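Taking it in order: structure first as structure tokens, then the write-up.
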Amino acid sequence: MLQNLVKNVWVPMKPYYTQAYQEIWLGMGLMSLIVYKIRSADKRSKALKASSPAPAHGHH
Amino acid sequence: MGLPIAVLIVMFPSILFPSPNRLINNRLISIQQWLIQLTSKQMLTIHNQKGRTWALMLMSLILFIGSTNLLGLLPHSFTPTTQLSMNLGMAIPLWAGTVITGFRHKTKASLAHFLPQGTPLPLIPMLVIIETISLFIQPMALAVRLTANITAGHLLIHLIGGATLALINISATTALITFMILVLLTILEFAVALIQAYVFTLLVSLYLHDNT
Numbered sequence: 001m002l003q004n005l006v007k008n009v010w011v012p013m014k015p016y017y018t019q020a021y022q023e024i025w026l027g028m029g030l031m032s033l034i035v036y037k038i039r040s041a042d043k044r045s046k047a048l049k050a051s052s053p054a055p056a057h058g059h060h
Numbered sequence: 001m002g003l004p005i006a007v008l009i010v011m012f013p014s015i016l017f018p019s020p021n022r023l024i025n026n027r028l029i030s031i032q033q034w035l036i037q038l039t040s041k042q043m044l045t046i047h048n049q050k051g052r053t054w055a056l057m058l059m060s061l062i063l064f065i066g067s068t069n070l071l072g073l074l075p076h077s078f079t080p081t082t083q084l085s086m087n088l089g090m091a092i093p094l095w096a097g098t099v100i101t102g103f104r105h106k107t108k109a110s111l112a113h114f115l116p117q118g119t120p121l122p123l124i125p126m127l128v129i130i131e132t133i134s135l136f137i138q139p140m141a142l143a144v145r146l147t148a149n150i151t152a153g154h155l156l157i158h159l160i161g162g163a164t165l166a167l168i169n170i171s172a173t174t175a176l177i178t179f180m181i182l183v184l185l186t187i188l189e190f191a192v193a194l195i196q197a198y199v200f201t202l203l204v205s206l207y208l209h210d211n212t
């Protein structure tokens, strides 16, 4: 059943996915890189804030 | 079935576009086919052979954003395009795709875009910096434009509707406010015009990178 569905999607869309959209796949890779960088930076800053709860300079 | 419901909401507008099965379809599918043909012909005239390979992507983009924005005008509905994350997720891959296409097939011409013709010699370094900044701002502008317009429209409808309800007991200004709501909603129907703006901007970018 799943294989039939994939056959209905993949076979007609094969030239698009393999040739026409190559640059868009690269763009999606760039976007996932940006998402990963932002998420890891956020996680790092949250971990830093949680591990050192000393309000040295007060709250702005 | 641990799908978050936002996934189902995003996939919902595709149900409203039935796919043609036969040579001559029923009226709904025929109207849809005619509209898509009208839009795609209008949109693809300025492109050459290479640019027209993006026809499917551009048409599905305009259909998705158009249907999503129009469905968001119904009361109590959720519009995915009000979320900046989703608009950035649409803008960044497509813009990067056009830039990479330009660099891959016409490297010299793509690099030449950073310096307009006829600039005086002392201005060249500054102008290259400005053109680079304006290039990298394109995806952010695409995403933020769509988000801000749709969100602002929804917010105005909420606020003015709330004001109307509150003013019903004071009936002097009720008629005026209700009329304002009607006018604003009609103008907001031009969310579809915003889709035009989105796809056309993307289109212009694609055009510049492929043809020039």
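For the protein sequence lines, the chains are C and A, in the order given. Quick note: the first sequence uses UniProt numbering, first residue 1, plus one each step. Quick note: the second sequence uses UniProt numbering, first residue 1, plus one each step. From the three backbone atoms N, C-alpha and C, an ideal C-beta is built for every residue, glycine too. Predicted model only: the values in this text are computed from it and were never measured.
Going straight from the alpha carbon of residue 227/A to that of L48/C, what length do you get? Look at the range of chain A in this structure, 1 to 212, and you will see that residue 227/A is not part of it.
Does the beta-carbon of M11/A have 16 or more other beta-carbons within 10 angstroms, so that it is buried, or is it exposed? Working through the second sequence from its first residue, we reach residue 11/A at position 11. Exposed, by the Cβ-count rule.
Between which two residues does the alpha helix (DSSP H) carrying I100/A extend? Reading the second sequence from its first residue, position 100 is the one you call residue 100/A. That run of the alpha helix (DSSP H) goes L84 to H105.
Counting only runs that start and end within the stretch 1 to 44 of chain A, where is the alpha helix (DSSP H) found for 4 or more residues in a row? 5 to 11 and 27 to 44
Tell whether a beta-carbon distance below 7 Å holds between P139/A and A109/A. Here residue 139/A refers to the residue found at position 139 of the second sequence. Here residue 109/A refers to the residue found at position 109 of the second sequence. Against a cut-off of 7 Å, the Cβ pair of A109/A and P139/A comes out as no contact.
Closest Cβ-Cβ distance between L33/C and chain A: below 7 Å? By one-based count along the first sequence, residue 33/C stands at place 33. Taking Cβ atoms only, chain A never reaches closer than 7 Å to L33/C, which makes this a no.
Ignore the nearest five residues each way along the sequence and tell me which others in W54/A's own chain have a CB closer than 8 Å to its CB. Numbered from its first residue, the second sequence carries residue 54/A at position 54. Correct list, in chain order: H47 and L206.
With the cut-off set at 7 Å, would you say A96/A and L30/C are in Cβ contact? Residue numbering aside, residue 96/A sits at position 96 when the second sequence is read from its first letter. Residue numbering aside, residue 30/C sits at position 30 when the first sequence is read from its first letter. Cβ atoms of A96/A and L30/C: closer than 7 Å.
Taking the alpha helix (DSSP H) that H47/A falls in, what are its first and last residues? Residue numbering aside, residue 47/A sits at position 47 when the second sequence is read from its first letter. No alpha helix (DSSP H) holds H47/A; DSSP gives it neither H nor E.
Unbroken alpha helix (DSSP H) run spanning Y16/C, endpoints: Within the first sequence, the letter at position 16 stands for residue 16/C. First-last for Y16/C: undefined, no H or E at that position.
Classification of T119/A by the beta-carbon crowding that lies within 10 angstroms, buried from 16 upward: Residue numbering aside, residue 119/A sits at position 119 when the second sequence is read from its first letter. Its Cβ having fewer than 16 others within 10 Å, T119/A is exposed.
With 8 Å as the C-beta to C-beta threshold (strictly closer), list the residues of the stretch 81 to 96 of chain A near chain C in chain order. L88, G89, I92, P93, L94, W95 and A96
Apart from the five residues just before and just after I150/A, which ones in its own chain have a Cβ nearer than 8 Å to its Cβ? Within the second sequence, residue 150/A is the residue found at index 150, counting from 1. Cβ within range, chain order: N69, G72, T79, T81, T82, A191 and L194.
Anticipated Cβ contact below 8 Å, P13/A with S67/A, distance rounded: One-based indexing of the second sequence puts residue 13/A at position 13. One-based indexing of the second sequence puts residue 67/A at position 67. Sure, about 4 Å apart at Cβ, within 8 Å.
Shortest alpha-carbon distance to L84/A belongs to which of L165/A, A141/A, S77/A and T101/A? Counting from one through the second sequence, the residue named residue 84/A turns up at place 84. Taking only the C-alpha atoms, the option nearest L84/A is A141/A.
Using the beta-carbon count (16 or more within 10 Å), is Q33/A buried or exposed? Sequence index remark: in the second sequence, residue 33/A carries index 33 (1-based). When all chains shown are included, Q33/A counts as exposed.
Q117/A in three-state terms, based on DSSP: Numbered from 1 along the second sequence, position 117 holds the residue referred to as residue 117/A. Residue state, collapsed to three classes: coil.
If we cut at 7 Å on Cβ distances, does I157/A have a partner in chain C? Residue mapping note: residue 157/A aligns to position 157 of the second sequence, counting from 1. Output row for I157/A: interface = no.
Residue-level contact to chain A via CB, I38/C, 7 Å cutoff: In the first sequence, residue 38/C corresponds to position 38, counting from 1. For I38/C, the answer is no, since every Cβ of chain A falls outside 7 Å of its Cβ.
Of all the CB atoms in chain A, is at least one closer than 7 Å to the CB of A20/C? The residue you call residue 20/C lines up with position 20 of the first sequence. Output row for A20/C: interface = yes.
Kindly indicate which three-state DSSP category L2/C falls into: helix, strand or coil? Here residue 2/C refers to the residue found at position 2 when the first sequence is read from its first residue. Here L2/C sits in helix by DSSP.
Tell me which residue opens and which closes the alpha helix (DSSP H) that A148/A is part of. Here residue 148/A refers to the residue found at position 148 of the second sequence. Segment I124 to L167, the alpha helix (DSSP H) holding A148/A.
Run through DSSP, which three-state label would G72/A get? Within the second sequence, residue 72/A is the residue found at index 72, counting from 1. DSSP places G72/A in coil when its eight states are reduced to three.
Alpha-carbon spacing of L28/A relative to Y198/A, whole angstroms: Here residue 28/A refers to the residue found at position 28 of the second sequence. Here residue 198/A refers to the residue found at position 198 of the second sequence. The alpha-carbon atoms of L28/A and Y198/A are separated by roughly 26 Å.
Looking at the C-beta of M28/C, does it have a partner C-beta in chain A at a distance below 7 Å? Reading the first sequence from its first residue, position 28 is the one you call residue 28/C. Chain A contact via Cβ: present.
Is it right to say Y36/C is buried, meaning 16 or more other beta carbons lie within 10 angstroms of its own, or is it exposed? In the first sequence, the residue the question calls residue 36/C occupies position 36. Answer is exposed; the Cβ neighbour count stays below 16.
Counting only Cβ-Cβ distances shorter than 8 Å, please list the residues of the stretch 101 to 131 of chain A near chain C, keeping chain order. T101 and R104
Hey, would you say I177/A sits closer than 7 Å to A163/A, going by beta carbons? As a position in the second sequence, residue 177/A is number 177, starting the count at 1. As a position in the second sequence, residue 163/A is number 163, starting the count at 1. A contact, by the Cβ cut-off of 7 Å.
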